[in-house]
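As structure tokens, the structure follows; a few thoughts come after it.
There are 2 protein chains.
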Amino acid sequence: MHNRSGLLEACLLILLKENKSYGYNLMNDLHKFGFEEDSLNISVIYRNLRSMEKRGLITSSWAESDQGPRKRVYEITADGEQDLKNWIWMLKNRKSQIETIIEKYENLK
Amino acid sequence: MHNRSGLLEACLLILLKENKSYGYNLMNDLHKFGFEEDSLNISVIYRNLRSMEKRGLITSSWAESDQGPRKRVYEITADGEQDLKNWIWMLKNRKSQIETIIEKYENLK
DNA sequence: TTCACTATATACACTAAGCACATAGTAACA
DNA sequence: TGTTACTATGTGCTTAGTGTATATAGTGAA
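Chains C and R are the protein sequences, given in the same order.
Heads up: the first sequence begins at 10 in the numbering used here, then just goes up one per residue.
Heads up: the second sequence begins at 10 in the numbering used here, then just goes up one per residue.
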């Protein structure tokens, strides 16, 4: 398996655990998590959502919009909740790993 | 450019800032940084080192070994020191981003 | 001479991302 | 009426990076 960072997937799952939502909206909400303006690419969001649905972490349904075209609205599943739990565990490891790196660097200078 | 995590590159540069070293040895030293046993692949180490040399972050020279074949010994350059500094800055951002994610997750449960 | 360890490197297949582009609905305004 | 802006979803192409396997080769012990 590829060693993906999991940052994006975890953020999307947290947002969908809060409220059901759709790609274009999730894109904007992701700024809450400290993603920089130009570091997010909408096509990456859409492809990740489709991939997550394929893996059973979320489900989608179409919703009419009052302004603009239809929205594909996503909801988190039980598998998605478990996946999120795993990502959080991994991110805690990642965090302590980064702390180790920074500490070793500061001690070197 | 691809958005690499920078974890590996930062760790290698820190180790090379401490002491000049070579791929096979760096591989073992990386465990100090909390990399799990099977998450590290030696071919990835070698390829990263060659890539870093190509970008001028490190330089290499051959050294005879007392046991086994010759070693390609790497040293960090001034550009490498600057690159490491940048990675540390990025990792500090990454760390706070992960903290935000974990915090939001804990508040949801 | 066979095995284990040390040491470096490449070939092939696959995944994921960046970027560009296609499609399409609504709404304002000239 | 047409043009622009915003909303909304998605695919095609190219490239970067990883995992796995494999090739090569030196040393030392059984």
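Glycine included, every Cβ here is placed at the ideal spot set by N, Cα and C.
In the displayed model, R/K101 falls within a helix according to three-state DSSP.
Under the three-state reduction of DSSP, C/E62 is assigned to helix. Contact annotation, C/L117 with R/E27: C-beta distance approximately 7 Å; criterion of less than 8 Å satisfied. Residues of the same chain with a CB within less than 8 Å of the CB of C/W96, apart from the 5 flanking positions on each side, are G15, E18, A19 and L22 in chain order. Closest option to C/T86, judged by alpha-carbon separation, among C/I110, C/T68, C/Y31 and C/K94: C/T68. Under a 10 Å Cβ-count criterion, C/R103 is classified as buried, with 16 or more other Cβ atoms of the shown protein chains found around its own Cβ. Here R/D92 is buried, its C-beta having at least 16 other C-beta atoms within 10 Å.
At a cut-off of 9 Å between beta-carbon atoms, C/Y114 makes contact with chain R.
With respect to chain R, the C-beta atom of C/E46 has no partner C-beta closer than 9 Å. For R/K80, the enclosing beta strand (DSSP E) begins and ends at K80 to I85.
With its beta carbon at least 9 Å from every one in chain R, C/G65 lies outside the interface.
Listed by position along chain C, the residues whose Cβ is nearer than 8 Å to that of R/G43 are N102, S105, Q106 and T109. Taking the C-beta atoms as reference points, R/I107 is found nearer than 9 Å to C/I107. Taken in chain order, the complete alpha helix (DSSP H) segments of 4 residues or longer contained in the segment 26–71 of chain C are 32–38 and 51–63.
Pairing C/K80 with C/G32 gives a Cβ-Cβ distance under 9 Å. Check the Cα spacing between R/Y55 and each of R/W71, R/M36, R/P78 and R/A72: the tightest is with R/M36. Closest option to R/V82, judged by alpha-carbon separation, among R/L58, R/S105 and R/L49: R/L58.
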